[in-house]
Amino acid sequence: MQAEHQVKVSVDSFYLGAQSDPAEQRYVFAYCVNITNHSSLPVQLLRRYWLITDGNGKQTEVAGDGVIGVQPELQPGETYSYTSGAVLETPVGTMQGYYEVIDAAKHPFQTPIPLFRLAMPHALN
């Protein structure tokens, strides 16, 4: 099986009420990402792409090198975790995207970041 099918991403998100200001339509969320290399070869994350959609359907695209200032290398079986954040104008939204990764042979591939929800507590029934 090729490396691109063996690099998995999972995300947990949470609302940061102390940094949010609903009266100003400012809802702050943090998310913790876990990237696990299930392949038998090392891989390196080079770039990221996010599609952020708020509750009104407004979409924002974010792309750039690495994550939180690094381009981590993951050995076989290794997991890299980091935490970042997003600010929305609505109490609910979603994020999804992909990472651009290369394997040990320098073959590039994309690893999908599954859709996940950003939601203020009790905003959804």
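In case it helps, the numbering used here puts the sequence shown at residues 2 to 126. Just so it is clear, CB atoms sit at the ideal spot from N, CA and C, and this is done for glycine as well. Fair warning: this is a prediction, and the values are worked out from it, not measured in the lab.
Residue i vs residue j beta-carbon contact at 8 angstroms
i      : j      : result
Leu89  : Phe30  : yes
Val44  : Ile114 : no
Tyr28  : Val12  : no
Ile1   : Ser82  : The requested residue 1 does not occur in the structure, where the chain is confined to residues 2 to 126.
Asn38  : Leu75  : yes
Arg118 : Thr95  : yes
Tyr16  : Ala105 : no
Where residue i falls: helix, strand or coil (DSSP)
i      : result
Thr91  : coil
Met2   : Residue confidence is low: Met2 scores 48 on pLDDT, short of 50, so the model does not pin down where it sits. Its coordinate-derived value is still stated next. Coil.
Pro122 : coil
Bridge partners - residue i, DSSP secondary structure assignment
i      : result
Pro109 : Ile103
Glu1   : An answer regarding residue 1 cannot be provided, because it is not within the stretch 2 to 126 covered by the chain.
(request) Enumerate, from N- to C-terminal direction, the unbroken beta strand (DSSP E) stretches of 3 or more residues contained entirely within the segment 12–62. (result) 28–38, 44–55
(message) Across the segment 48–60 and the segment 19–27, are there enough close Cβ pairs to call them in contact, namely three or more that are closer than 8 angstroms?
(response) no
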